[in-house]
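The numbering of the sequence shown is my numbering, which starts it at 1154 and goes up by one.
Glycine residues also receive a C-beta, built at the ideal position from the N, C-alpha and C atoms.
Working notes, structure below.
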Amino acid sequence: MPPKGDDESWRVGIQSCDAFHIRSDPSLVPRVQRQAGTSPNPTVQTEPVIKHPADLLFTGGAVFVGRDEPSRSAVAVRAGRIVAVGADEATDITGPSTQVVDLAGGLLIPGFQDAHVHPLLGGLKRMRCDLSQHDTREDYLAAVRAYADAHPQEPWIGGGGWAVGAFPGGTPTAADLDAVVPDRPVFLPNRDIHSAWVNSRALALSGIDRHTPDPADGRIERDETGSPAGTLHEGAMALVGRLLPDDTAGDLLAALLEAQRYLHSLGITAWQDAIIGVYADIPDGAQTYLAAVDQGLLTARVVGALWWRRDAGPEQVAELVERRREVSRRRFQATSVKIMQDGVPENFTAGMLEPYLDGCGCSTTNRGLSFVDPLALRHNVTALDLAGFQVHVHAIGDRAVREALDAFEAARGANGANDHRHHIAHVQVVHPDDLPRFAALGVTANMQALWAAYEPQMVDMTMPFLGEERSGWQYPFAAIAASGAALAAGSDWPVSSPDPLLGIHVAVNRRLPDELGGEGWPAFLPGQALDVRTALT
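Given below as structure tokens:
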């Protein structure tokens, strides 16, 4: 199920919607028949007069129209809009000017919708020090040095995209960055944007030292003396991130257009921008989207998730209602609100019902974080639901997932059922008792399928600290689908690749493609695999 947005009809190429939209066409003149015996005139059958023939006819392959629908064999398009699906229907409105596209036995599918993505951040990273194409500490440092040398005028070195598995404990050091950029501050979030790698210059400018306490919603990684080591987790990233120079309007528009070009090249025609607001080094993209709309440059259909500030309370609801009104325009609709309820297991901030294990398999006292008090979360979600928002909750640990479900249950109890299609994003660890609650509450599980596979981060930095039982509760896509709940697919790019075909591959096979490191690994919890039709929708 896509993010909730406008009801614009599905278009071919650079546009999309929830489903095919087939309209009756008044330009077709039906056959006229007069039966013998009912008229003195003989039966007359005229050929249809096609006033406006289709511009395009796709034929010679299979056309996917939905999980529970049989495939069709042709699609007709006129003026960028699908006007017929099916061999008879499509060929009936073709003419001499119709361009015929032979699918050569291939599969034609609607444009993909990415239900959780960060295009501005992805575009900026592609324009800056992009580490996502590298995998080792040495390669990261070489890339940072090369970027700094090539951009001597930049006061800060930004970008990011490093993998936690490249460093012991997932925590790179300031000393490493100091060796390649000693004179300018460096701020590089990792791939999941839950930790940042900084150098000593950045720490000094922000005033972080051994006496700086951890913020309530984050942690400063420290060395044996208690001094900051160079990695900041969750809310601690803001201690440095707030000092970053503001991106110019031109930079942000260029980043959005670069992201749009890239996403379109992968067949993505619509998306939900999962943060519209300021968080870490993610810029507020509302005005950028509006500029693109006004200049006729936004060719995707976008739902924006307004950022819920966790340092404030329910007084935000009225502000968000007003902001929704101010920034929603045509192809950009800010109808959702993003609440980040926990962190990630790799830095032990995902909210868990039971404590994490240590490296020896013994229980600790750490259950991760709840960024919003669970009782406050219920009140906040209830108020947002009443205001007509779709609520989009980041919840990775089993406790965070339960807290989100409890909040949606409270909202339904107070406000009644509706069609807001609330989402829980990531759903990495779900307690079995909570699996049927998604369908019961009408909550969509927003999955990042590419993560449901064995790879070093999963094997070395997640499973040992969850233990065997909880490791078996990860990414339960098939169980959620079997319960009758809706699934939505998002890439979380630039956290991971936005290529939807890679996500579909993992959703179906529960292992990465060989070229992404899947060679030699078995399927990860293969009982939670989806069939191809479900994965496509």
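With distances taken from CA atoms, which of the options is nearest residue i?
| i | options | result |
| --- | --- | --- |
| I1235 | G1214, I1262, G1213 and L1273 | I1262 |
| P1272 | V1659, D1587 and V1648 | V1648 |
| L1294 | W1350, F1265, A1240 and V1270 | W1350 |
| P1338 | R1231, G1671 and S1359 | S1359 |
| N1599 | R1623, R1663 and V1554 | V1554 |
| Q1681 | R1663, T1687, H1205 and E1222 | R1663 |
| G1314 | S1516, D1283 and H1364 | D1283 |
| R1462 | Q1440, G1388 and E1672 | G1388 |
| P1249 | G1512, L1356, D1495 and H1205 | H1205 |
| H1547 | V1238, N1352 and D1345 | D1345 |
| R1686 | Q1286, C1515 and E1222 | E1222 |
| I1633 | E1621, D1586, F1677 and H1304 | D1586 |
| H1584 | W1604, Y1628, Q1448 and G1512 | Y1628 |
| E1668 | R1565, L1655, H1386 and P1679 | L1655 |
| S1481 | I1373, V1497 and V1456 | V1456 |
| G1259 | A1638, A1327, L1330 and S1224 | S1224 |
| F1217 | V1238, S1380 and R1231 | V1238 |
| N1533 | R1454, I1310 and A1564 | A1564 |
| N1343 | G1449, S1636 and D1288 | D1288 |
| G1514 | E1622, Q1486, T1378 and S1285 | E1622 |
| S1348 | V1582, A1369 and P1325 | P1325 |
| Q1448 | E1479, W1646 and F1485 | F1485 |
| I1310 | L1451, F1320, P1335 and P1321 | P1335 |
| P1321 | A1357, E1374 and S1285 | E1374 |
Skipping 5 residues on each side, what residues in its chain have a beta carbon closer than 6 Å to that of residue i?
| i | result |
| --- | --- |
| N1568 | D1538 and L1539 |
| W1499 | Inspection of the sequence shows that residue 1499 is occupied by Glu rather than by Trp. So the qualifying residues of the chain are V1317, G1323 and M1614. |
| A1172 | Per-residue confidence for A1172 stands at a pLDDT of 32, beneath the threshold of 50, marking its modelled position as unreliable; the derived number appears in the next sentence. None. |
| A1688 | I1657, A1660 and V1661 |
| S1226 | A1240 |
| D1400 | P1436 |
| A1229 | A1207, L1210, V1236, A1237, A1243 and I1246 |
| G1620 | L1510 |
| S1624 | M1616 |
| A1593 | none |
With a threshold of 7 Å on Cβ separation, who are the neighbours of residue i within its own chain once the five nearest residues in sequence on each side are excluded?
| i | result |
| --- | --- |
| T1690 | G1219 and R1220 |
| D1376 | A1382 |
| A1458 | Q1425, D1426, A1427, I1428, I1429, S1489, V1490, K1491 and H1545 |
| P1308 | R1337 and P1398 |
| V1474 | A1540 |
| F1677 | A1605, A1606, Y1607, R1663 and R1664 |
| A1355 | P1338, V1339, F1340 and V1393 |
| E1411 | G1276, R1279 and M1280 |
| R1231 | H1205, A1207 and D1208 |
| G1379 | R1363 |
| G1214 | L1256, A1257, G1258, G1259, L1260 and L1261 |
Among residues of its own chain, excluding the 5 on either side of residue i, which ones have a beta-carbon nearer than 8 Å to its beta-carbon?
| i | result |
| --- | --- |
| D1613 | G1318 |
| R1590 | L1558, E1562 and V1596 |
| F1501 | Y1509, N1519, G1521 and F1618 |
| S1192 | With a pLDDT of 37 at S1192, under the threshold of 50, the modelled position of this residue cannot be trusted, and the question is left open. |
| Q1494 | G1504, S1523, F1524, V1525, L1530, V1546, H1547, A1548, A1553, E1556 and A1557 |
| L1603 | S1644, S1649, S1650, L1655, G1656, V1659 and L1665 |
| D1329 | R1290, L1294 and G1383 |
| L1588 | P1629, A1632, I1633 and S1636 |
Could you pull the DSSP bridge partners for residue i from this structure?
| i | result |
| --- | --- |
| Q1681 | For Q1681, which the question treats as bridged, DSSP gives no partner whatsoever. |
| L1209 | V1230 and Q1252 |
| H1545 | K1491 and H1576 |
| V1351 | F1340 |
| A1299 | Looking at the DSSP assignment, A1299 forms no beta bridge with any residue, so it has no partner. |
| S1516 | L1510 |
| A1730 | This structure leaves residue 1730 out entirely; the chain is present only between 1154 and 1690. |
| I1235 | V1230 |
| R1225 | V1216 |
Mind pulling the alpha helix (DSSP H) runs of 4 or more residues that sit fully within the segment 1421–1503? 1439–1447 and 1469–1480
Would the segment 1416–1436 and the segment 1282–1298 be scored as touching if the rule is three or more Cβ pairs under 8 Å? With the cut-off at 8 Å, the segment 1416–1436 and the segment 1282–1298 do not touch.
Across the segment 1504–1512 and the segment 1387–1395, are there enough close Cβ pairs to call them in contact, namely three or more that are closer than 8 Å? no
Three-pair Cβ contact test at 8 Å for the segment 1435–1445 versus the segment 1400–1408: yes
Would you mind listing the alpha helix (DSSP H) stretches within the segment 1255–1295 that are 4+ residues and don't spill past its ends, in chain order? 1272–1280
Check whether the segment 1251–1267 touches the segment 1637–1647, counting contact only when three or more Cβ pairs, one atom from each stretch, lie closer than 8 Å. yes
Enumerated in chain order, which unbroken segments of the alpha helix (DSSP H) with a length of 4 residues or greater are wholly contained in the segment 1566–1644? 1590–1594, 1609–1614, 1616–1619, 1621–1624 and 1630–1635
Touching by the beta-carbon criterion (3+ pairs, under 8 Å), the segment 1525–1544 and the segment 1452–1471: yes
Within the chosen definition, does the segment 1247–1257 reach the segment 1296–1303 through at least 3 CB pairs nearer than 8 Å? Because the criterion of three Cβ pairs below 8 Å is not met, the segment 1247–1257 and the segment 1296–1303 do not touch.
Are the segment 1606–1626 and the segment 1650–1657 in contact at 8 Å, needing three or more beta carbon pairs? no
Run through the segment 1389–1423 for me and flag every whole alpha helix (DSSP H) of 4 or more residues, listed as ranges in chain order. 1391–1394 and 1402–1418
Every unbroken alpha helix (DSSP H) within the segment 1305–1334, with a cutoff of 4 residues, ordered by chain: 1327–1333
Completely contained alpha helix (DSSP H) runs for the segment 1352–1390, where each covers 4 or more residues: 1353–1359
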